[in-house]
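Numbered according to the numbering used here, the sequence shown spans residues 110 to 473.
Even for Gly, the Cβ is constructed at its ideal location relative to N, Cα and C.
In this text the structure is predicted, and so the values were computed from the model without any measurement.
Read the structure below first, then the notes.
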Amino acid sequence: MGSQPAGTGLGGLPRLRPARALLAVVVALALVAGVVGLIGHIADFARLRDALERMDPAWLIPAIAGKVGAYAGYILAYSEMAAMRGGPILGGWTATRIVGIGFGAFVAGSAAGGLAMDWWALQRAGCTGHDALRRVLGLNTLQWAALGAGAALAGLAALAGLVSEVPSAMAIAWVVTVPVCVAGGLWASAPGRIERLSQVPAPVSPDGSGPYVLRWGWRGLRALLADAIGGLVYVRAALRHPLRHRTAIVGYPLYWAGDLLTLYACVRAFGVHLGLVSLVLAYATGYAATALPLPVGGAGGVDAAMTLALTAVGLSLAPALLIAVTYRGVSFWLPILPALALLPTAPRLARDLSEIALREEAGR
110 MGSQPAGTGL
120 GGLPRLRPAR
130 ALLAVVVALA
140 LVAGVVGLIG
150 HIADFARLRD
160 ALERMDPAWL
170 IPAIAGKVGA
180 YAGYILAYSE
190 MAAMRGGPIL
200 GGWTATRIVG
210 IGFGAFVAGS
220 AAGGLAMDWW
230 ALQRAGCTGH
240 DALRRVLGLN
250 TLQWAALGAG
260 AALAGLAALA
270 GLVSEVPSAM
280 AIAWVVTVPV
290 CVAGGLWASA
300 PGRIERLSQV
310 PAPVSPDGSG
320 PYVLRWGWRG
330 LRALLADAIG
340 GLVYVRAALR
350 HPLRHRTAIV
360 GYPLYWAGDL
370 LTLYACVRAF
380 GVHLGLVSLV
390 LAYATGYAAT
400 ALPLPVGGAG
410 GVDAAMTLAL
420 TAVGLSLAPA
430 LLIAVTYRGV
440 SFWLPILPAL
450 ALLPTAPRLA
460 RDLSEIALRE
470 EAGR
């Protein structure tokens, strides 16, 4: 598979720098503390203390179980997307290690997070750089499509008057945005059009016309857009043949259901009751913040977004903040532990992926 790139370690994973990892943790904790301090001051710390005293820690068990279910769903979807259209066939343990390390990737030394880990693994298993990126972007598109579909259905239920605590603007946003995105994806991935739109532009040369840096940057953006559109090939294949690719179709609903269970358990831990429609819309709206390029995995920012989303559906600020922080503790901080536990297996993982690539090449 060639020599290991400079600046990498543990079988090709980004080199671990303990000082950088420690700094990332300190910055993340500081951001969360800042959000808790600011919102807590607004909510009144006495109310926070009262809400915290009423917490039932037994609900943390289903919260963690929900996260385990989310892991299982992601592993199913990732394995299927990797194997589609002649891609590498990953074993269950191989996929589990990839996903486990990816879920805690910012501490493991990969600032780009889980998507970077997914891309690295597919490339190591024999995919070209562009093919690996297209599979990862297709996987990410299918992931958000599943969440968007659920949020749009919940929005329709809210607009139909089944619940009263959901703001109309929140419901309308999902009901309108999701069909627009679907229509755009269908248009871009139409047969005949997608071949043209997914063509990667030729590399730029330093002696061309115009500033080289600007031309290089523009070419990079066009290449990324081409790969994003190319990833829709895998999404269409999964949706057109749901029985053939059933693990990809089932995987992400299981992923979101597990993560939603985590949030629900955190809500119940503080003695709060929230209906399914309100829970789905608050979750989807707060989770949307993770799509932003926030530092250190969105620590602090996502906590604030989830808090505000929960207050939008009727929760008081104090319990909403504690629910959001507890949810992030289970869904963001807890996965760091299995990631760190799996890191020593990274050299073996790299060798396993290289063997998969060799087997795939020999079978062609």
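Own chain residues within Cβ distance below 7 Å of residue i, not counting five before or after
| i | result |
| --- | --- |
| residue 359 | 185 |
| residue 373 | 388 |
| residue 297 | 303, 306, 338, 341 |
Sub-8 Å separation of residue i and residue j beta-carbons
| i | j | result |
| --- | --- | --- |
| residue 390 | residue 275 | yes |
| residue 193 | residue 361 | no |
| residue 235 | residue 451 | no |
| residue 241 | residue 232 | yes |
| residue 272 | residue 266 | yes |
| residue 415 | residue 395 | yes |
| residue 370 | residue 211 | no |
| residue 131 | residue 378 | no |
| residue 264 | residue 291 | no |
| residue 364 | residue 182 | yes |
| residue 367 | residue 178 | yes |
| residue 268 | residue 280 | yes |
| residue 206 | residue 458 | yes |
| residue 213 | residue 447 | yes |
| residue 381 | residue 398 | no |
| residue 383 | residue 422 | yes |
Cut-off 6 Å between Cβ atoms - residues of its own chain near residue i, not counting five sequence neighbours on either side
| i | result |
| --- | --- |
| residue 140 | 408, 409 |
| residue 465 | 197, 234 |
| residue 375 | 172, 432, 435, 436 |
| residue 189 | 354, 356, 357 |
| residue 467 | none |
| residue 403 | 410 |
Other residues of its chain near residue i: CB distance less than 8 Å, five sequence neighbours each side excluded
| i | result |
| --- | --- |
| residue 310 | 328, 331, 332, 335 |
| residue 108 | A query on residue 108 cannot be resolved here, the shown segment of the chain reaching from 110 to 473 and no further. |
| residue 308 | 335 |
| residue 453 | none |
| residue 151 | 426 |
| residue 237 | none |
Assumed close pair residue i, residue j - CB separation to whole angstroms, cut-off 8 Å
| i | j | result |
| --- | --- | --- |
| residue 251 | residue 393 | Incorrect: roughly 16 Å between the Cβ atoms, too far for contact. |
| residue 187 | residue 227 | 7 Å |
| residue 244 | residue 299 | Not really, about 20 Å apart at Cβ, beyond 8 Å. |
Chain D within 8 Å of residue i, Cβ atoms only
| i | result |
| --- | --- |
| residue 158 | The displayed structure is made up of one protein chain only, and chain D is not part of it. |
Residue i: CB within 7 Å of a non-hydrogen atom of the ligand SAH
| i | result |
| --- | --- |
| residue 332 | With respect to the ligand SAH, the structure offers nothing, as it holds no ligand at all. |
* To do: Indicate whether the contact test is met: 3 or more Cβ pairs, each with one atom in the segment 413-428 and one in the segment 151-168, closer than 8 Å.
  => Contact between the segment 413-428 and the segment 151-168 is present, because at least three Cβ pairs lie under 8 Å.
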